[in-house]
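Written out below as structure tokens is the structure these notes cover.
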Amino acid sequence: MYMFLPFLLALAGCASVWRSRAGLSYTLWSATVVVTVAWFFHHATDPLKFSF
Numbered sequence: 028m029y030m031f032l033p034f035l036l037a038l039a040g041c042a043s044v045w046r047s048r049a050g051l052s053y054t055l056w057s058a059t060v061v062v063t064v065a066w067f068f069h070h071a072t073d074p075l076k077f078s079f
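Residue numbers (this note's numbering): 28 to 79.
Here it is in structure tokens:
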């Protein structure tokens with residue numbers, strides 16, 4: 028996955044809202060949420076080891 032993917036999906040979702048395409052807008056919004064959550068679970072698997 029590339030870092031620009033959630034932003035590109037969000038931009039495409041905004042463009043589809045602007046063009047009044049509700050079904051496509053919901054699909055792109057859902058894809059943005061899924062990619063963002065998947066990215067979080069991929070990168071946030073290890074606990075941080077802080078030593079103060």
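Every residue, glycine too, gets a C-beta built ideally from N, C-alpha and C. The structure presented is a predicted model; accordingly, all values stated were derived computationally and were not measured.
- prompt: Considering only the beta carbon of each residue, do residue 60 and residue 32 sit closer than 8 angstroms?
  reply: no
Rounded C-alpha distance that separates residue 94 from residue 56:
In the structure displayed, the chain extends from 28 to 79; residue 94 sits before or after that span and is not available.
On the three-state DSSP scale, how would you describe residue 74? coil
- Message: For residue 40, count the other beta carbons within 10 Å of its own beta carbon; 16 or more makes it buried, fewer makes it exposed. Which is it?
- Response: buried
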